[in-house]
Amino acid sequence: MPTKVRYPIGVRPLLLEEAARRRRLETRFVSMLERAGFDEVVLPIIDYADPYGGLLDARRGYRFVDREGELVTIRSDFTPMVARALAPSLSALPLKVFYRGDVIRCEASRLGANRELFQIGAEIVGDASSDADAEAMLLAASVARELGVRPLVVYNDVSIAASLDRDTLDSLKTKRRAGSPAGPFSKLIDGTATLDDIASFAPLAATRLREVQRIVGDRDFTLQPDDVDEPGYYTGIRFRIYDAATRALLAQGGRYDSLYGRFGTPAAAIGFTFTIDAFEEGA
Amino acid sequence: MPTKVRYPIGVRPLLLEEAARRRRLETRFVSMLERAGFDEVVLPIIDYADPYGGLLDARRGYRFVDREGELVTIRSDFTPMVARALAPSLSALPLKVFYRGDVIRCEASRLGANRELFQIGAEIVGDASSDADAEAMLLAASVARELGVRPLVVYNDVSIAASLDRDTLDSLKTKRRAGSPAGPFSKLIDGTATLDDIASFAPLAATRLREVQRIVGDRDFTLQPDDVDEPGYYTGIRFRIYDAATRALLAQGGRYDSLYGRFGTPAAAIGFTFTIDAFEEGA
Amino acid sequence: MPTKVRYPIGVRPLLLEEAARRRRLETRFVSMLERAGFDEVVLPIIDYADPYGGLLDARRGYRFVDREGELVTIRSDFTPMVARALAPSLSALPLKVFYRGDVIRCEASRLGANRELFQIGAEIVGDASSDADAEAMLLAASVARELGVRPLVVYNDVSIAASLDRDTLDSLKTKRRAGSPAGPFSKLIDGTATLDDIASFAPLAATRLREVQRIVGDRDFTLQPDDVDEPGYYTGIRFRIYDAATRALLAQGGRYDSLYGRFGTPAAAIGFTFTIDAFEEGA
Amino acid sequence: MPTKVRYPIGVRPLLLEEAARRRRLETRFVSMLERAGFDEVVLPIIDYADPYGGLLDARRGYRFVDREGELVTIRSDFTPMVARALAPSLSALPLKVFYRGDVIRCEASRLGANRELFQIGAEIVGDASSDADAEAMLLAASVARELGVRPLVVYNDVSIAASLDRDTLDSLKTKRRAGSPAGPFSKLIDGTATLDDIASFAPLAATRLREVQRIVGDRDFTLQPDDVDEPGYYTGIRFRIYDAATRALLAQGGRYDSLYGRFGTPAAAIGFTFTIDAFEEGA
Amino acid sequence: MTMRIAIPKGRLQEPVLAVFAAAGYDVPTASELRTRRLVFARRDVEWIFVKDCDVPVYVEHGAADAGIAGLDQILEHGCSAYQPVELPFGRCRMMLIAAPNTPRLESVATKYPRIARQYLDSRAIHAEVIPLGGSVELAAVLQLTSHVIDLVETGETVRIHHLELQEEVAEITPRLIVGRTVYRTATQRMRELIARVEEAKDVYITV
Amino acid sequence: MTMRIAIPKGRLQEPVLAVFAAAGYDVPTASELRTRRLVFARRDVEWIFVKDCDVPVYVEHGAADAGIAGLDQILEHGCSAYQPVELPFGRCRMMLIAAPNTPRLESVATKYPRIARQYLDSRAIHAEVIPLGGSVELAAVLQLTSHVIDLVETGETVRIHHLELQEEVAEITPRLIVGRTVYRTATQRMRELIARVEEAKDVYITV
Amino acid sequence: MTMRIAIPKGRLQEPVLAVFAAAGYDVPTASELRTRRLVFARRDVEWIFVKDCDVPVYVEHGAADAGIAGLDQILEHGCSAYQPVELPFGRCRMMLIAAPNTPRLESVATKYPRIARQYLDSRAIHAEVIPLGGSVELAAVLQLTSHVIDLVETGETVRIHHLELQEEVAEITPRLIVGRTVYRTATQRMRELIARVEEAKDVYITV
Amino acid sequence: MTMRIAIPKGRLQEPVLAVFAAAGYDVPTASELRTRRLVFARRDVEWIFVKDCDVPVYVEHGAADAGIAGLDQILEHGCSAYQPVELPFGRCRMMLIAAPNTPRLESVATKYPRIARQYLDSRAIHAEVIPLGGSVELAAVLQLTSHVIDLVETGETVRIHHLELQEEVAEITPRLIVGRTVYRTATQRMRELIARVEEAKDVYITV
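Protein chains in written order, with my numbering: chain H, 1 to 283; chain G, 1001 to 1283; chain L, 2001 to 2283; chain R, 3001 to 3283; chain D, 4001 to 4207; chain A, 5001 to 5207; chain U, 6001 to 6207; chain P, 7001 to 7207.
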């Protein structure tokens, strides 16, 4: 019988050149985040599934029952794990932490889906201000820039969704303009809504976006108010960073102010996560 | 229902000070190994169990059946994984590689057993000489020294065991001197055997040990010819490095010349693995 | 390596005499239940865990993640499975069904805990009357009698618990009389409560118990109004059948009027389950 | 969230009519097998995978790691389980046993593959004679007949395969006549081989087949000497029973004289297994 | 940057190109299309002509920025692209089909195994799905399967085979689909495309 | 039927028998108890004398109908018996103990591994539990473990070993325990036992 | 009983029918085949005409007794039928194809996802497989994927798209396939079919 | 460095100390041992007195360098220490015990649950193991369990309870045990200890 040469879905070894490339990128990320005042937390590669309730997508990650009969998942998303790890001992806030490591996903193949994903992320815990929003977004953009990539940051505030009626939300999810009557909702759908329009139905989000926009500016940053689908655990600002040249998705982030409360210690938080392998192609 | 605060057996998060300490040690290890000419390989945290046959201790590691119906293990020992990863593409030898990462064990509690283990290891592939043995042992000892620990390296050649009759082997395993008749075997058991005695029944091992002893010397290195129990995948030199002050086990290593052949490409190899958390106490 | 002779926790083969004994009992049970107008349903040995929510005790049964990534349990309790199987197609009510088969439990050892359990049970779906309660109880008792065992049926209505304050409930659970003031609650705790006393705080349960008591009588049936701990999915009458001679627990049963609703089709139901192996000792 | 109505692959409940139909068939089978002098053994629905080595097809059955870290399979084939259960206590031979129950398979869909399979089987342990071969085949055929089905029994002796060279075997597996030179092998391939031809290269099998043929006759029984692919654990006679009218496969069987030895007590054995659900369509 | 638009070859190709032409885009001519070429660069649009079932694949993976795809193919591929415009032609129904008096749904032949599986699961029907590549109705005729799930336009095929429609699985229309990444990173251009197709979509039926 | 009652040998034996005597039961005499006999039949009660940690085992499995057991043993065995009477003597505390200035809780020696594990889990402390059979405090002195969880009555042992009490894990009292099955099947008799012990329980301290 | 034989529509239909005719079977005429009928009863043979990829499905499930299928379809369906006769025409190769100088195999577009996966696994290549329905070579041209696995007859399509052949995945021939159950239960009839096709198989090329 | 040696309190304490004294070690005097002290520092040896079942725990975890432990405790703890010297006294047998005519092995009470489980597994007996803390034979008398596994020295306890010996589970002797780490890192010292105890081991019986 021949030795099986394949690896399980979602993982593979990195041999010499690839490993060196990953480590070079890792070293530069870590030093940038340290200079920015972030401290490392190290998160376990497995954890119980139950404490996360619906936070983790059960279809994405490896899951198994351990010897105690508990359902265990292999790490497939860092952000909820950071909250669970830090929540019990949160004290001096704000806290700036970063993390790094692999996430493993076993979902059926879509493009890039079954590549191993080495991620580095950072978050600011305990600062609910728009300054923190902007700090996180600017830091993420400058990290990309330092690695030689021109970032394109697309952002929005997902709390807008809470102000929308079901029809408008459905329209935004498919981008289909069912004959909704003229007005701010209709403008949101066809992409012509201004922050003043948004203020008419989601004043807090509009204010927040205005403040953030003022700080981050327009260069490399694009506000896209109709981008509200699938907020997941995000509760406010949500952003994605693309490589402006290749449109590769480099990082994702946003504000998740209710996540720490899930683990016993309410705290505002905003963060972002880079997928290093996306860079390995681009940079 | 209160949030479950515990983590699965074998893992826990490292918060700020601990994470920083681990990273400092990691950085020093990596730079020492790089200076010594070793290149990194990155190994997956999970792999199929079948290709390893009996190489992995099924009782130690997490195991589960994945969505393809295959038995998968979470990494509990690096050495066989390095061999499986490198074997298909071995070319220019000797090859010097290092690796780092967590191993996770779920075995029932013995001291230290259910701590998460962060390990860094290195190996020389494709050099069967005693010079390579000595190089690996000296490198490991100097790594420990640079981290402020006085190493005590205890070594032997486990191939001695193949020359022993069943009774002698049993005696060595319990250290009980059943009334074996005087002679080299009996001296092996009571600890008075010299390399000349060993040469009388295991000439190759004796020669190998003599050469290694000549290079590594006696300072910090102790030859212990009666230490032959449980060779596992080791086939020749086997060594353990203790902290001379605290007797904490810092690293293990040895020669495993038949491991690469298991994965299709026979190649000699010697290596060692440090458990970084052992240092965190000692250094 | 010797062949492993042991079987997994909770199962073992039955060889010739034991198998014959089980089949004799099975045949008699089935013919009694058929004569009483019950039809068989055959339930799968595995099922998804999610549809049951908290209905199954996760610690008792084998659980694993299947190839679709879904959490699956091996059958450890028939009653919820009957409801899930019948609920989608319930039509002509009342429906009288019986079932038979093994349940497998992997819980840590308590007496009898890790024996394989062959069970036969029956239930009346769609009849909320106290006549149905009494019918189920009388049928279960007569089944035991026909198998040569004098039954001792201990019963109560667990809905009493809903009328109790926390302190009284705690007292009932430990049977400790914290100095509760005299009154019906105190009489419930010290075992002197009459149905009139119970009527003062739980009138529906009292009426139900009175009607049931009228039908089943006192011979072999004991009303025990303080037996309210751990109702599980039971909502009304709850009974246990002991062998009057050996005190072995032969069967359990009761009313679970909210169980079918969990699976989409509300329907009252009362049933009982015999553990055949308990008989194998007693009969 | 709607209640999930689906069941795991390979299982589903049988409601009233289906359950009654299955039980009727089960009762008739059991009484026929009892009349023929067979005693029941009851086999667990789960068992460790390791004792079976390669005997079970890992791809077919559900497998999972239990709380002791052992790989467990859900029953997907009765025959090896019977051997493991009986082997430690085999005494007065020959022994005639039968068994019944579900087997569950989770393999990807081919025709009938993901139906639940209720099986009833029987075997004669400790009789290596061709009389036992014929007895098993005749019993199986008469069982089918009593259930109203005209059986078509196709049989062969798979030990023929051991006498064949690689090319002939490959030809038999695809039924492709690569230009093999004229002779008994070539006649085997094109279907014209007589028992005398077979005797020239596989004398024992030829003798055995001749004896069996003499007893079972030609009515309803067809010898097919070229049917040697995939013997699995079979070592001699191998037969399949089809419904002569519909060509549905009703039962499989054969001789597996090395199976009991795998579990510590060598014993000859021949048996067959009916899949009851195949009858539910046909009868 | 040019924009790459995937057009499904076959039945929908002509009306779809008519819509794009009406929307002001420079589309390949009929004679060009009679060659074997599948890729046509026009000013800032690259038109690619692929099999209808492959349009969602190209858009999902970002190899095309937009395309026209039937809901059948969108669902079958679990395609996450936006579906901003529903076209007013090519409407048909995905149906459960069987011979009259077929007793029980035991197996289903289909070109849409994923949709069929979801349909059966949602009804708790334990049936086997057998994927076929073509002539699906034949499967019910030749008793490969008890039922068939397939697209039905006129119902002619079903009648010819003496089968009958049993239940509607889904209503199918062609849609303009736009990839999420390109929508986020080239928002203005994509919104313009959507607006222009939205406005021109009725041209084919009104002509 | 006789009733079988399990009495813990040792420290609690004397006061417990005094309570049963005051409750009107015919208990073995002191001189009888000085023999090696462990089982005494008296009218309708069979007294059995077992190690304190085994009382919950006998009652849980129905091999004794009732008994006296400390909450420590009840919890350690996950005993599901009813605990109708709490006795007013023999009270002590289960404590977390360590040498002064012990930096971090890394491991715990204890005779109560189940209780210790639950205590640590409830506080999310990742520490090893090392079960010992006796002289548990010594483990902290000899640095087998960083901490100890043990019963503390007077605190004398802790002081002698220069250790300090750190946190209370549980308050421990002896209780009358009654098995669930016997309570259900011999209800009257068990209720009478409970009532009589309840009434007599103060005799030992008031004497 | 009649025997049902599945014929693949398209490219192979004509030579395959010629072989069956030469083998003495009464096959449908060319004019009959020009109708939309797919099923033809002839004496004791029922001919059914299905998509080439569906032939193994019909035979595997026993809905046809025998048929003609390419090895590509046999492998892709994991079809377990016997393959007693290899036809001497229609031979082609399944190839790994890419644009010149493509750096690394990262993803493969193919109509044969199962074969592609096995090929990649056997070489320990961690690449994504993207199933397509047609115009597979286009995927490499438009950079949907780095590579393509497809059947190659003349190589014309590969050249047109400026791609190059990299490695042979499998050699493909059409085969007579016979179901296992029918072979076992109607052995004589099936052996006769095999013998007649074996004898007649060269008719098409020798004509 | 001092060497720490663990001595089991109780039955073996006296002969064991006699062996160490004969081996030339300075052991605590009888009068010292009558105090409640458990730790005695002597020149380069620290003697610690712990419960017999805890000796393997101390040695396994390196909290003692060596000790004297019965094979029962070594096996029950899965202790991996070396066992270089077997002492010639204190020999006893671990036995399976039951009342005469007990029909079937259904459950076993024992102080050695791990040994009992391995014994039952090795014989494929599906029985429950019930761990007890003391008076184990009583369990069979009172029918808590059908059988008992316990150490038997003279058999007196078994006779008193009218039970009978059924099978030997293991032969038990006390052994000098030495931790693996200390053996590797202080080899000379440990070899000397072993040699001295080996030589002196017969003193107690020969005296």
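Every residue gets a Cβ at the ideal spot worked out from N, C-alpha and C, and that includes glycine.
None of these values were measured; they are calculated from a predicted model.
* Which residues in the same chain as U:Val6152 place their Cβ atom closer than 7 Å to its Cβ, once the five residues preceding and following it in sequence are excluded? -> Here residue 6152 of chain U refers to the residue found at position 152 of the seventh sequence. For U:Val6152, where only same-chain residues beyond five positions count, the Cβ hits under 7 Å are Cys6092, Arg6093, Met6095, Val6158, Leu6165.
* Asked: Are the stretch 5063-5076 of chain A and the stretch 5166-5177 of chain A touching by the rule of at least three beta carbon pairs closer than 8 Å?
  -> yes
* To do: Flag L:Arg2084 as yes if its beta-carbon sits less than 9 Å from any beta-carbon of chain C, otherwise no.
  => Any reference to chain C falls outside this structure, whose protein chains are H, G, L, R, D, A, U and P.
* From what residue to what residue does the alpha helix (DSSP H) around D:Pro4115 run? -> Here residue 4115 of chain D refers to the residue found at position 115 of the fifth sequence. According to the sequence provided, residue 4115 of chain D is Ile. The question's Pro does not apply to it. Where D:Ile4115 is concerned, the enclosing alpha helix (DSSP H) stretches over 4113-4122.
* To do: Give the straight-line distance between the Cα atoms of P:Ile7048 and L:Arg2238, rounded to the nearest whole angstrom.
  => Here residue 7048 of chain P refers to the residue found at position 48 of the eighth sequence. Here residue 2238 of chain L refers to the residue found at position 238 of the third sequence. If you take the alpha carbons of P:Ile7048 and L:Arg2238, they lie about 57 Å apart.
* **alpha helix (DSSP H) segment containing G:Lys1096, residue limits** => Residue numbering aside, residue 1096 of chain G sits at position 96 when the second sequence is read from its first letter. Unbroken run through G:Lys1096 is the beta strand (DSSP E), 1095-1103; no alpha helix (DSSP H).
* Report yes or no: do the stretch 3204-3222 of chain R and the stretch 3129-3147 of chain R share at least 3 C-beta pairs separated by less than 8 Å? => yes
* Asked: Distance, Cα to Cα, G:Thr1174 vs P:Asp7150?
  -> Looking up residue 1174 of chain G in the second sequence gives position 174. Looking up residue 7150 of chain P in the eighth sequence gives position 150. Those two C-alpha atoms are separated by around 25 Å.
* Answer with buried or exposed for G:Ser1031, where buried requires no fewer than 16 other C-beta atoms within 10 angstroms of its C-beta. => As a working mapping, residue 1031 of chain G is identified with position 31 in the second sequence. By the neighbour-count rule (16 or more Cβ atoms within 10 Å), G:Ser1031 is not buried but exposed.
* Asked: What residue does the alpha helix (DSSP H) around P:Pro7015 start on, and which one ends it?
  -> The residue given as residue 7015 of chain P occupies position 15 in the eighth sequence. Taken as a continuous stretch (DSSP letters only), the alpha helix (DSSP H) holding P:Pro7015 covers 7013-7022.
* G:Asp1196 to G:Leu1164 span [Cα, whole Å] -> Taking the second sequence and counting its residues from 1, one reaches residue 1196 of chain G at position 196. Taking the second sequence and counting its residues from 1, one reaches residue 1164 of chain G at position 164. If I take the Cα positions, the gap works out to 16 Å.
* To do: For D:Asp4054, return the contacting residues in chain U, with the cut-off set at a CB-CB distance below 8 Å.
  => Locating residue 4054 of chain D in the fifth sequence gives position 54, counting from the first residue. Under the 8 Å cutoff, chain U gives Leu6132, Gly6133, Gly6134, Ser6135.
* Asked: So what does DSSP say about G:Gly1271, is it helix, strand or coil?
  -> Taking the second sequence and counting its residues from 1, the one referred to as residue 1271 of chain G is at position 271. Correct three-state label for G:Gly1271: strand.
* Asked: Measuring CB to CB, does H:Phe29 end up less than 9 Å from H:Val97?
  -> Taking the first sequence and counting its residues from 1, one reaches residue 29 of chain H at position 29. Taking the first sequence and counting its residues from 1, one reaches residue 97 of chain H at position 97. Taking 9 Å as the Cβ cut-off, H:Phe29 and H:Val97 do not qualify as a contacting pair.
* Asked: Would DSSP call P:Ser7107 helix, strand or coil?
  -> Within the eighth sequence, numbered from 1, the residue matching residue 7107 of chain P stands at position 107. Looking at P:Ser7107 - three-state DSSP - the assignment turns out to be strand.
* DSSP three-state call for D:Pro4131: helix, strand or coil? -> Against the fifth sequence, residue 4131 of chain D aligns to sequence position 131. Three-state result, D:Pro4131: strand.
* How long is the line joining the alpha carbons of G:Arg1176 and G:Leu1250, rounded to whole angstroms? -> Residue mapping note: residue 1176 of chain G aligns to position 176 of the second sequence, counting from 1. Residue mapping note: residue 1250 of chain G aligns to position 250 of the second sequence, counting from 1. Looking at the two C-alpha atoms, the distance is approximately 28 Å.
* Asked: To which residues of the same chain is U:Gln6013 closer than 8 Å at the C-beta, ignoring the five residues directly before and after it?
  -> As a first step, residue 6013 of chain U is located in the seventh sequence; it is residue number 13 there, counting from the start. The residues are Ile6007, Leu6033, Phe6049.
* To do: Name the residue from L:Gly2191, L:Ser2142, L:Leu2172, L:Val2154 whose alpha carbon lies nearest to the alpha carbon of A:Ala5081.
  => The residue given as residue 5081 of chain A occupies position 81 in the sixth sequence. Ranking the options by Cα distance to A:Ala5081, first place goes to L:Leu2172.
* Can you say whether R:Ser3091 is buried or exposed, counting buried as having 16 or more other CB atoms within 10 angstroms of its CB? => By one-based count along the fourth sequence, residue 3091 of chain R stands at place 91. Result: exposed.
* **Rounded C-alpha distance that separates G:Thr1079 from G:Leu1147** => As a first step, residue 1079 of chain G must be located in the second sequence, where it is residue number 79. As a first step, residue 1147 of chain G must be located in the second sequence, where it is residue number 147. Each residue's alpha carbon lies about 23 Å from the other.
* Residue(s) in a DSSP beta bridge with G:Ala1073 -> What you label residue 1073 of chain G is simply residue 73 of the second sequence in a count that begins at 1. Correcting the residue type first, residue 1073 of chain G is Thr in the shown sequence and not Ala. Note: G:Thr1073 sits in a beta bridge opposite G:Asp1047, G:Arg1063.
* Specify the secondary structure class of H:Phe185 as computed by DSSP and reduced to three states. => Residue mapping note: residue 185 of chain H aligns to position 185 of the first sequence, counting from 1. H:Phe185 falls in the helix class under three-state DSSP.
* Hey, is D:Arg4091's beta-carbon within less than 9 Å of any beta-carbon in chain U? -> Your numbering for residue 4091 of chain D matches position 91 in the fifth sequence. Not an interface residue.
* Within the 9 Å Cβ cut-off, does A:Pro5174 reach chain L? -> Reading the sixth sequence from its first residue, position 174 is the one you call residue 5174 of chain A. No, because no Cβ of chain L sits closer than 9 Å to the Cβ of A:Pro5174.
* Asked: So what does DSSP say about D:Cys4079, is it helix, strand or coil?
  -> Counting from 1 along the fifth sequence, the entry for residue 4079 of chain D is found at position 79. Three-state result, D:Cys4079: coil.
* Asked: Nearest to U:Leu6075 by alpha carbon, out of U:Gly6155, U:Pro6056, U:Leu6087, U:His6061?
  -> Start at 1 with the first residue of the seventh sequence, and residue 6075 of chain U comes out as number 75. Closest option to U:Leu6075, Cα to Cα, is U:Pro6056.
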